[in-house]
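The structure appears below as structure tokens.
Residue numbers (our numbering): 80 to 363.
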């Protein structure tokens, strides 16, 4: 299994190395190329597609061992990328790949389900999921807790991040729901109604753009300040924590955490004042 995994990683790296010759576009270059592409310029269209192929490969790599060869996953992801460009609206101001990831994933998922095979997680992920569910059941048996508290305890118990625990549970739910028919006498699966059940590409783009902008702001701070903000405001998949909880986690007093938080929020507001993209997410 380990040898197979290494070989697979080598294949992914090989494909990524192949597309590195196509540089990423700056936001200005991307906007210009997208406008030309949507007006029928084939050269601009090819430029947008090739510069974003590395993201298709990275998304495809997340769906290995699900019934399709890696080459097929890439092909399906590329079809999703092309469809994204057809629907892309430059005027809305989204970063193209933030918008396109939704289309890439849906194209790959649909292809996997269309093979008629059972969707399965890789063995190591199945083991992780079993551990998570077992820990979740043990915590539930001890009394009622909020979802955030439950995820936090599961993550602490297993040495995982809360974001990873949440992601694994969501993947498990989505895989079951996608392959389940809506009624016993129907052949329609939830994949057929996916646009009404899951985020729209616009919502996905906004959500991803917000995460990117906030993480860019956090990168300008020292690690301690960034960690306090992440835990206090529930960023990056973490549940919101009290001053006391953050203090215990970081071995600091509640007052010291409050001081760090206050200064970090001021830093965040200063950053937002200089960066229009983040302004909408930060209350002045």
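Where a beta carbon is used, it is the ideal one built from N, C-alpha and C, also for glycine.
Where residue i falls: helix, strand or coil (DSSP)
i           : result
residue 269 : The pLDDT assigned to residue 269 is 42, lower than 50, so where the model puts this residue is not dependable, and the model offers no usable value.
residue 221 : coil
residue 110 : helix
residue 197 : At residue 197, the pLDDT of 48 sits below 50, so the modelled position is not reliable; the number obtained from the coordinates is stated separately. Coil.
residue 148 : coil
Alpha-carbon spacing of residue i relative to residue j, whole angstroms
i           : j           : result
residue 302 : residue 103 : 28 Å
residue 155 : residue 190 : 7 Å
residue 272 : residue 184 : Interpretation of residue 272 is limited by its pLDDT of 40, a score under 50 that renders its predicted location unreliable; the figure taken from the coordinates is listed afterwards. When rounded, the distance between both Cα atoms is 15 Å.
residue 247 : residue 333 : 32 Å
residue 119 : residue 166 : 13 Å
residue 241 : residue 319 : 11 Å
residue 227 : residue 245 : 10 Å
residue 239 : residue 207 : 10 Å
residue 235 : residue 144 : 29 Å
residue 314 : residue 93  : 34 Å
residue 100 : residue 115 : 22 Å
Distance cut-off 7 Å: residue i Cβ against heavy atoms of the ligand MG
i           : result
residue 220 : Inclusion of the ligand MG in the displayed structure is not the case, the ligand content being empty and no account of it being possible.
Residue i and residue j closer than 8 Å at C-beta
i           : j           : result
residue 98  : residue 133 : yes
residue 220 : residue 175 : no
residue 152 : residue 139 : yes
residue 158 : residue 128 : no
residue 344 : residue 336 : no
residue 182 : residue 162 : yes
residue 350 : residue 305 : no
residue 117 : residue 169 : yes
Residues near residue i in its chain [Cβ-Cβ closer than 6 Å; skip 5 each side]
i           : result
residue 340 : 307 and 311
residue 109 : 175
Same chain only: Cβ atoms within 8 Å of residue i, ignoring 5 sequence neighbours per side
i           : result
residue 224 : 218 and 232
Close Cβ partners of residue i (< 7 Å) along its chain, the five nearest in sequence each way excluded
i           : result
residue 262 : Any reading at residue 262 must be qualified, since the residue scores a pLDDT of 41, below 50, and its modelled position is unreliable; the value itself is stated next. Correct list: empty, nothing qualifies.
residue 322 : 333, 336 and 337
Residue-level contact to chain D via CB, residue i, 8 Å cutoff
i           : result
residue 159 : Judged by its chain identifiers, the structure shown contains no chain D, having just a single protein chain.
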